[in-house]
Amino acid sequence: MTDADSTTPPPPAEHHADAPRADARGALASTQERADALGVAVRRALWPALAIVLVIAAQAVAQLATVTPDEVPQPGVFVVYSLMLLAMLPVMVTVGAAGASALLTKEALPATALAVTAGVVTTAWVAWIAGGWRGLLFGVVLGASTAAAALVLTGRRPLWMRLLVALLVVAVGAVATLWVGTVV
């Protein structure tokens, strides 16, 4: 070994093997940013999820109003069944889309995007479940009601006003589904 070899610095991989990684702090900050964005995204997704549940429940109650008590002995069971069948998947997809977007981009989706997502997913799911042209019309009415109610709920007005207007939108959507049922 010559003197020139002993003064030559070791290769970079050997030189930094014992030193802490420079990007560890950045990775920790990145993880915290993702966690913060996920928290915001889930909170923002709760209003569109509530809109989906309200629209589907109102539609089920409106359908109950058109049948005799002999045809549906347990109205509460019918409403819960409708919620489980028609609302569960759109809620999961909306919340999942909000969470996935936040984790990937470190930013929460805007409330408007989540409202539109809830409406589109509800439209597609109800149309697929009901099937045919009638199902498509039901899906469009319920999806539009969901998107409108979600937009109202995610607004910046006082909470009581947002809830009141959202309930009016939901009621109009429920009546519109009855109209679709009689026309088609």
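First residue of the sequence shown: 126, per my numbering; consecutive thereafter.
Each residue gets a CB set at the ideal place from its N, CA and C atoms; glycine is no exception.
For clarity, every value in this text was computed on a predicted model and none was experimentally measured.
- Counting along the chain, the unbroken alpha helix (DSSP H) around Val295 starts and ends at Leu284 to Val308.
- Membership of Ala212 in any alpha helix (DSSP H) is not indicated, and neither H nor E is assigned to it by DSSP.
- Cβ-Cβ distances below 6 Å link Ala236 to Arg169 and Thr279 in the same chain, with the five nearest sequence neighbours on each side left out; the list follows chain order.
- Three or more Cβ pairs drawn from the stretch 183-200 and the stretch 289-299 lie within less than 8 Å of each other, which places the two stretches in contact.
- Distance from the CA atom of Ala162 to the CA atom of Ala223, rounded to whole angstroms, is 10 Å.
- Annotation for Thr191: no alpha helix (DSSP H) segment contains it, and DSSP assigns it neither H nor E.
- In this structure, the alpha-carbon of Gly264 lies about 10 Å from that of Leu211.
- Note on geometry: alpha-carbon atoms of Ala227 and Arg282 lie some 25 Å from one another.
- Just so you know, the alpha carbons of Pro194 and Gln157 end up roughly 54 Å apart.
- Here DSSP, grouped into helix, strand and coil, assigns Thr279 to coil.
- Collapsing the DSSP output to three states places Gln199 in coil.
- Here the alpha carbons of Ala272 and Val241 stand approximately 5 Å from one another.
- For Ala249, the enclosing alpha helix (DSSP H) covers residues Ala236 to Ala255.
- Remark: C-beta atoms of Val294 and Arg287 do not approach each other more closely than 8 Å.
- In this structure, Ala243 is the residue among Ala243, Ala255, Leu284 and Val178 with its C-alpha nearest to the C-alpha of Ala269.
- A check of alpha carbon separations from Pro215 across Val180, Val305 and Gln199 identifies Val180 as the nearest.
- Here DSSP, grouped into helix, strand and coil, assigns Ala233 to coil.
- For Val178, same chain residues with a beta-carbon under 6 Å away, outside a window of 5 residues either side, are Ala212 in chain order.
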